[in-house]
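Q:
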Amino acid sequence: MSSSPDSSALSLSDFLRELKNTYWMFRGLDEPETTTRQAADQWLKLADDLRRRGVNPRRYVRWAYKQFRETNATVWVNMITSPKTVARFEQEIGDTLARERLLIQLQLDTVFFQTQGRARNLREVLEDELLDLGDAVRYAVARKAGMTDVADRWRRGADLDILNEPVYAEALSAFLSADSHGQ
Amino acid sequence: MDSSGNIREINSRGLLVRLLTYAIRCPSVARLAMQKVQPTYFDQATQLDFFMVWFVAQQMMLKSGTTPHPQHLNDLVINLMNGEGYTDPTLHAGVTRLINEVYTFKEDPWNESYGVELLNAFFHTVFKREATRSTQQATTRDEALEIVMRTHKQLNVDQNKPVDPFDLSETPTLSKRLPTGATYFDLITGGGTIPTECYGVLGPSGGGKTLMAIDVGCSMAERKQRVEYFSYEQPPREVRPRMFSRAGGIHIDELKNKEWDEIPGAVRDKIADASEKIKGNFIMHDRSAEGDSVADVIGVVRDSISSGHHPTMVVIDWLWPLVTRATAVRSTSRRNVTERAVLQSMMDEFKAMASEYNTCVLLLHQLSIEMAKRRASKKPQWFNSAEAGSFAWLLHYCIAIGTQDEQGFCYLVGSKSRSNAKTSFVVQCLGAYNKFRIPTNSMVYDDKRREFVDDQNLNRMPGRERSDPGSDEEDLKGGLV
Numbered sequence: 000m001s002s003s004p005d006s007s008a009l010s011l012s013d014f015l016r017e018l019k020n021t022y023w024m025f026r027g028l029d030e031p032e033t034t035t036r037q038a039a040d041q042w043l044k045l046a047d048d049l050r051r052r053g054v055n056p057r058r059y060v061r062w063a064y065k066q067f068r069e070t071n072a073t074v075w076v077n078m079i080t081s082p083k084t085v086a087r088f089e090q091e092i093g094d095t096l097a098r099e100r101l102l103i104q105l106q107l108d109t110v111f112f113q114t115q116g117r118a119r120n121l122r123e124v125l126e127d128e129l130l131d132l133g134d135a136v137r138y139a140v141a142r143k144a145g146m147t148d149v150a151d152r153w154r155r156g157a158d159l160d161i162l163n164e165p166v167y168a169e170a171l172s173a174f175l176s177a178d179s180h181g182q
Numbered sequence: 000m001d002s003s004g005n006i007r008e009i010n011s012r013g014l015l016v017r018l019l020t021y022a023i024r025c026p027s028v029a030r031l032a033m034q035k036v037q038p039t040y041f042d043q044a045t046q047l048d049f050f051m052v053w054f055v056a057q058q059m060m061l062k063s064g065t066t067p068h069p070q071h072l073n074d075l076v077i078n079l080m081n082g083e084g085y086t087d088p089t090l091h092a093g094v095t096r097l098i099n100e101v102y103t104f105k106e107d108p109w110n111e112s113y114g115v116e117l118l119n120a121f122f123h124t125v126f127k128r129e130a131t132r133s134t135q136q137a138t139t140r141d142e143a144l145e146i147v148m149r150t151h152k153q154l155n156v157d158q159n160k161p162v163d164p165f166d167l168s169e170t171p172t173l174s175k176r177l178p179t180g181a182t183y184f185d186l187i188t189g190g191g192t193i194p195t196e197c198y199g200v201l202g203p204s205g206g207g208k209t210l211m212a213i214d215v216g217c218s219m220a221e222r223k224q225r226v227e228y229f230s231y232e233q234p235p236r237e238v239r240p241r242m243f244s245r246a247g248g249i250h251i252d253e254l255k256n257k258e259w260d261e262i263p264g265a266v267r268d269k270i271a272d273a274s275e276k277i278k279g280n281f282i283m284h285d286r287s288a289e290g291d292s293v294a295d296v297i298g299v300v301r302d303s304i305s306s307g308h309h310p311t312m313v314v315i316d317w318l319w320p321l322v323t324r325a326t327a328v329r330s331t332s333r334r335n336v337t338e339r340a341v342l343q344s345m346m347d348e349f350k351a352m353a354s355e356y357n358t359c360v361l362l363l364h365q366l367s368i369e370m371a372k373r374r375a376s377k378k379p380q381w382f383n384s385a386e387a388g389s390f391a392w393l394l395h396y397c398i399a400i401g402t403q404d405e406q407g408f409c410y411l412v413g414s415k416s417r418s419n420a421k422t423s424f425v426v427q428c429l430g431a432y433n434k435f436r437i438p439t440n441s442m443v444y445d446d447k448r449r450e451f452v453d454d455q456n457l458n459r460m461p462g463r464e465r466s467d468p469g470s471d472e473e474d475l476k477g478g479l480v
């Protein structure tokens with residue numbers, strides 16, 4: 000089980016806030032001012048459980064959201080907070096992270112091949128929508144090359160990955176300076 | 000055969016003499032030759048002296064385990080020839096001259112790798128000759144194929160060589176994945192292909208099998224990895240526009256139903272530019288009208304390696320014509336049973352070929368009709384192959400392409416293998432550009448619209464502009480917020 004260095008240092012209320020903020024970020028909505036008692040209890044139980052396990056809250060929500068989004072149009076709170084989801088997370092996160100790392104590596108390889116192997120212009124490569132490049136990689140490479148206009152186009156998708164999954168921040172650290180992504 | 004070898008065929012008497020010299024006198028090569036080289040591999044009509052000398056020498060070596068004395072060998076060969084009715088003194092003189100040549104050759108120490116190279120080159124030559132002869136002389140096609148395949152199995156020096164995995168005196172050969180450059184393919188296979196492995200792609204009719212093969216093939220060729228593409232369905236004139244579209248990033252409408260002269264100059268320039276980078280690495284073999292044996296594929300791969308171009312991938316597009324053509328000539332009342340037997344036998348041959356020539360094989364096959372008829376929301380299973388379910392079980396790794404929705408989104412499902420977990424994700428088939436792509440947004444199947452949708456248009460009903468994701472309509476579905 001991986002965890003970010005500071006996740007265990009968070010207080011329960013901070014941990015809870017991290018979970019909820021990440022969830023609403025993925026939903027693309029603002030957190031409602033009022034919520035049901037049942038939902039509040041479930042969030043609290045989840046926060047307590049994950050905190051004791053030393054799980055990175057953002058990583059967990061991102062993983063769970065993506066899992067449920069494969070088959071459900073809307074990912075509800077009771078899906079994210081289910082103990083079964085936590086159990087599945089523990090089982091599958093290792094494979095998921097390996098796949099994420101591989102995907103980033105393959106995408107960076109594509110950028111490298113297109114620019115070095117095929118001598119294509121970097122801007123043209125980053126804007127080529129036929130190439131299999133994710134938002135985070137396009138954003139990070141554009142950022143490093145100083146193409147802010149290109150980077151801004153991919154910022155929203157990149158945020159969801161880079162801010163919530165440490166694997167992205169780690170793999171793209173060479174492209175993202177500490178102050179370039181608001182971290 | 001080592002692709003770095005300089006000798007491709009034994010095409011002169013000098014090389015044949017050198018081969019016989021190593022086979023009789025170099026101890027390590029002789030051990031191999033005793034087991035592998037049959038006297039009949041020498042053509043009795045044109046190489047009688049070689050046939051006779053090797054026949055006797057092999058018997059003597061098998062009996063004593065040592066190199067025979069030249070005079071003893073000469074006497075026995077002459078006696079045998081007399082007994083068989085070859086009494087012409089010029090034939091005897093030829094044998095004596097050959098034995099002298101074999102025994103006067105001096106090399107100390109023996110170059111063992113050169114000897115093995117000679118043996119392999121000899122086998123290559125014999126295989127080509129036998130394959131041609133058997134197809135011409137056999138009374139039935141089955142018989143011809145059987146002879147060809149049997150000869151092929153026999154003619155490989157390294158095939159049955161035992162390996163001590165813990166002997167590190169030579170650098171151990173290990174498997175390493177080689178990225179193809181097609182991200183979705185590399186992702187689902189866990190990082191690329193492993194030479195010596197067989198990969199299967201299952202897909203519904205018109206569902207992107209050929210497209211995937213072209214996409215992966217072009218990606219590899221761009222990276223200077225050689226691809227041998229066997230098209231059993233479409234002739235090159237039909238596949239070429241799709242290849243141009245993929246390689247040059249050109250919309251297929253610019254190329255479809257057009258002669259070369261009708262294509263705009265700017266597009267032709269793009270094609271020329273892309274072709275320059277791929278040329279020589281993506282080789283297409285038209286088998287749309289003929290070709291019914293794995294031996295044919297093996298022959299091409301052998302020739303390719305012999306000419307110094309080691310194929311990284313061999314694509315069979317698609318497998319079933321090969322099976323049905325091979326089965327069509329067999330008189331049988333239980334056709335489906337025979338087809339399955341032929342398929343299994345072919346899979347075995349392909350796996351042997353992949354292992355022997357250190358290349359990977361991509362086999363395209365149909366998804367079962369039951370699965371192909373289902374909606375795009377239903378993930379296919381990697382074992383849902385048509386006609387013979389065992390197809391997928393015989394592979395190292397199998398990928399199934401699901402039914403596409405109107406936008407080309409579909410599931411890609413990969414089987415579990417020793418080094419890779421079972422995985423699946425949604426991809427988009429860009430038919431106009433002959434590519435697959437991983438969508439950047441997470442996709443979900445919308446039952447109402449019967450298609451995959453992403454975050455941006457989640458609640459847009461057909462005919463409606465995008466709605467506010469936080470609308471009441473969504474919240475009434477019954478979940479907790």
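Each protein sequence line maps, in turn, to chains A and B.
Be aware that the first sequence starts at 0, since it is given in numbering that gives the first Met the number 0, and climbs by one per residue.
Be aware that the second sequence starts at 0, since it is given in numbering that gives the first Met the number 0, and climbs by one per residue.
Even glycine gets a Cβ: it sits at the ideal position worked out from N, Cα and C.
The structure displayed is predicted, hence computed values, not measured ones.
Is Asp474 (chain B) helix, strand or coil by DSSP?
A: Against the second sequence, residue 474 (chain B) aligns to sequence position 475. Low confidence applies to Asp474 (chain B): its pLDDT is 39, below 50, so where it sits in the model is not reliable enough to give any reading.
Q: Need the endpoints of the beta strand (DSSP E) that Pro310 (chain B) sits in, please.
A: Taking the second sequence and counting its residues from 1, one reaches residue 310 (chain B) at position 311. Start and end: Pro310 to Asp316.
Q: Looking at the structure shown, is Glu289 (chain B) part of a helix, part of a strand, or coil, going by DSSP?
A: Position 290 of the second sequence, counted from the first residue, corresponds to residue 289 (chain B). Glu289 (chain B): coil per DSSP, three-state reduction.
Q: Just to confirm, is the Cβ distance from Gly190 (chain B) to Pro178 (chain B) under 8 Å?
A: On the second sequence, residue 190 (chain B) is found 191 positions in, with the first residue counted as 1. On the second sequence, residue 178 (chain B) is found 179 positions in, with the first residue counted as 1. Against a cut-off of 8 Å, the Cβ pair of Pro178 (chain B) and Gly190 (chain B) comes out as a contact.
Q: Which residues of chain B have a Cβ atom closer than 9 Å to the Cβ of Leu101 (chain A), listed in chain order?
A: The count along the first sequence starts at 1 and reaches residue 101 (chain A) at position 102. Ordered by position in chain B, the residues that pass the 9 Å Cβ test against Leu101 (chain A) are Asp185, Leu186, Gly189 and Gly190.
Q: Determine the extent of the beta strand (DSSP E) in which Gln427 (chain B) is found, giving its start and end residues.
A: If you number the second sequence from 1, residue 427 (chain B) lands on position 428. From DSSP, the beta strand (DSSP E) with Gln427 (chain B) extends over Thr422 to Leu429.
Q: Does any CB atom of chain A fall closer than 8 Å to the CB of Lys62 (chain B)?
A: Sequence index remark: in the second sequence, residue 62 (chain B) carries index 63 (1-based). No - not a single Cβ of chain A is within 8 Å of the one on Lys62 (chain B).
Q: Could you tell me the distance, in whole angstroms, from the CA atom of Arg7 (chain B) to the CA atom of Leu14 (chain B)?
A: On the second sequence, position 8 is the one that residue 7 (chain B) refers to. On the second sequence, position 15 is the one that residue 14 (chain B) refers to. Going by the C-alpha atoms only, they are around 11 Å apart.
Q: Over the uninterrupted beta strand (DSSP E) stretch that includes Glu227 (chain B), give me the two end residues.
A: For the purposes of this step, residue 227 (chain B) is taken as the residue at position 228 of the second sequence. Per DSSP, Glu227 (chain B) belongs to the beta strand (DSSP E) from Arg225 to Ser230.
Q: When the Cα atoms are used, what is the spatial distance from Gly407 (chain B) to Gln427 (chain B)?
A: In the second sequence, the residue the question calls residue 407 (chain B) occupies position 408. In the second sequence, the residue the question calls residue 427 (chain B) occupies position 428. So the alpha carbons of these two residues sit roughly 5 Å apart.
Q: For a quick check, are the C-beta atoms of Thr84 (chain A) and Met78 (chain A) less than 8 Å apart?
A: Numbered from its first residue, the first sequence carries residue 84 (chain A) at position 85. Numbered from its first residue, the first sequence carries residue 78 (chain A) at position 79. Contact: yes.
Q: Do Ser292 (chain B) and Leu144 (chain B) come within 8 Å of each other at the CB atom, strictly closer than that value?
A: What you label residue 144 (chain B) is simply residue 145 of the second sequence in a count that begins at 1. What you label residue 292 (chain B) is simply residue 293 of the second sequence in a count that begins at 1. For Leu144 (chain B) and Ser292 (chain B), yes; Cβs fall inside 8 Å.
Q: What alpha helix (DSSP H) runs, 4 residues minimum, are completely inside the segment 16-97 of chain A?
A: Listed in chain order, they are 36-52, 56-68 and 76-79.
Q: Quick one: give me the first and last residue of the beta strand (DSSP E) that Tyr138 (chain A) is part of.
A: Against the first sequence, residue 138 (chain A) aligns to sequence position 139. That residue, Tyr138 (chain A), is in no beta strand (DSSP E); its alpha helix (DSSP H) goes Asp134 to Lys143.
Q: Would you list, in sequence order, the uninterrupted alpha helix (DSSP H) runs of no fewer than 4 residues that lie entirely inside the segment 126-206 of chain B?
A: Runs found: 140-153 and 182-187.
Q: Helix, strand or coil for Val480 (chain B) per DSSP?
A: Indexing the second sequence from 1 puts residue 480 (chain B) at position 481. Residue placement at Val480 (chain B) cannot be trusted, given a pLDDT of 46 that sits under 50; the coordinates are not used to answer.
Q: Could you please give the first and the last residue of the uninterrupted beta strand (DSSP E) stretch that includes Gly64 (chain B)?
A: Against the second sequence, residue 64 (chain B) aligns to sequence position 65. First-last for Gly64 (chain B): undefined, no H or E at that position.
Q: Across which residues does DSSP place Lys434 (chain B) in a beta bridge pair?
A: Sequence index remark: in the second sequence, residue 434 (chain B) carries index 435 (1-based). In DSSP, Lys434 (chain B) forms a bridge with B:Leu429.
Q: Nearest to Asp48 (chain A) by CA position, among A:Ser10, A:Gln113, A:Val74 and A:Arg36, is which residue?
A: As a position in the first sequence, residue 48 (chain A) is number 49, starting the count at 1. Measuring from the Cα of Asp48 (chain A), the nearest candidate turns out to be A:Ser10.
Q: Would you verify that the beta carbon of Lys65 (chain A) is, or is not, closer than 8 Å to some beta carbon of chain B?
A: Here residue 65 (chain A) is taken as the residue at index 66 of the first sequence, counted from 1. Chain B, which has a Cβ nearer than 8 Å to the Cβ of Lys65 (chain A), makes this yes.
Q: For Ile249 (chain B), name the three-state secondary structure that DSSP assigns.
A: Along the second sequence, read from residue 1 onward, the residue named residue 249 (chain B) stands at position 250. Three-state result, Ile249 (chain B): coil.
Q: Using a Cβ-Cβ cut-off of 8 Å, state whether Ser441 (chain B) counts as contacting chain A.
A: Position 442 of the second sequence holds residue 441 (chain B). For Ser441 (chain B), the answer is yes, since a Cβ of chain A falls inside 8 Å of its Cβ.
Q: On the CB-based measure, 16 or more other CB atoms within 10 Å of its CB, does Trp381 (chain B) come out buried or exposed?
A: As a position in the second sequence, residue 381 (chain B) is number 382, starting the count at 1. Trp381 (chain B) is buried by the Cβ-count criterion.
Q: Roughly how many whole angstroms lie between the Cα atoms of Tyr85 (chain B) and Ala294 (chain B)?
A: As a position in the second sequence, residue 85 (chain B) is number 86, starting the count at 1. As a position in the second sequence, residue 294 (chain B) is number 295, starting the count at 1. Computed Cα separation, rounded: 36 Å.
Q: Closest to Ser423 (chain B) by C-alpha separation, out of B:Asn335, B:Ala92, B:Pro235 and B:Asp185, would be which residue?
A: By one-based count along the second sequence, residue 423 (chain B) stands at place 424. Checking every option, the nearest Cα to that of Ser423 (chain B) belongs to B:Asp185.
Q: Could you check the C-alpha separation between Ile297 (chain B) and Thr103 (chain B) for me, to the nearest Å?
A: Looking up residue 297 (chain B) in the second sequence gives position 298. Looking up residue 103 (chain B) in the second sequence gives position 104. Answer to the nearest angstrom: the Cα atoms are 38 Å apart.
Q: Check whether chain A comes within 8 Å of Tyr396 (chain B), counting only Cβ atoms and requiring the distance to be less than that.
A: Here residue 396 (chain B) corresponds to residue number 397 of the second sequence, with the count starting at 1. No, Tyr396 (chain B) lies away from the interface with chain A (no Cβ there is under 8 Å from its Cβ).
Q: So which residues on chain A does Leu429 (chain B) lean against when the C-beta distance must stay under 9 Å?
A: To locate residue 429 (chain B), count along the second sequence from 1; it is residue 430. Simply Leu129.
Q: With a 10 Å radius around its C-beta and 16 neighbouring C-beta atoms as the bar for buried, classify Ser11 (chain B) as buried or exposed.
A: Position 12 of the second sequence, counted from the start, is the residue given in the question as residue 11 (chain B). When all chains shown are included, Ser11 (chain B) counts as exposed.
Q: Rounded to the nearest angstrom, what separates Asp453 (chain B) and Arg68 (chain A) at their Cα positions?
A: In the second sequence, the residue the question calls residue 453 (chain B) occupies position 454. In the first sequence, the residue the question calls residue 68 (chain A) occupies position 69. If I take the Cα positions, the gap works out to 9 Å.
Q: Could you check what DSSP says for Ser414 (chain B) in three-state terms: helix, strand or coil?
A: Here residue 414 (chain B) is taken as the residue at index 415 of the second sequence, counted from 1. Coil at Ser414 (chain B), not helix or strand.
Q: For a contact defined as C-beta to C-beta under 8 Å, what are the partners of Asp445 (chain B) on chain A?
A: Sequence index remark: in the second sequence, residue 445 (chain B) carries index 446 (1-based). Chain A residues near Asp445 (chain B): Ala72.
Q: State the DSSP-derived secondary structure class of Ser172 (chain A), mapped to helix, strand or coil.
A: In the first sequence, the residue the question calls residue 172 (chain A) occupies position 173. Coil at Ser172 (chain A), not helix or strand.
Q: For the segment 235-252 of chain B and the segment 210-223 of chain B, state whether three or more C-beta atom pairs, one from each stretch, are separated by less than 8 Å.
A: Yes, since at least three Cβ pairs between the segment 235-252 of chain B and the segment 210-223 of chain B fall closer than 8 Å, the two stretches touch.
Q: Quick check on DSSP: helix, strand or coil for Gln37 (chain B)?
A: Locating residue 37 (chain B) in the second sequence gives position 38, counting from the first residue. It is coil, neither helix nor strand.
Q: Give the residues of chain B in contact with Glu69 (chain A), contact being defined as C-beta atoms less than 7 Å apart.
A: As a position in the first sequence, residue 69 (chain A) is number 70, starting the count at 1. Going along chain B in sequence order, the residues near Glu69 (chain A) (Cβ under 7 Å) are Val443.
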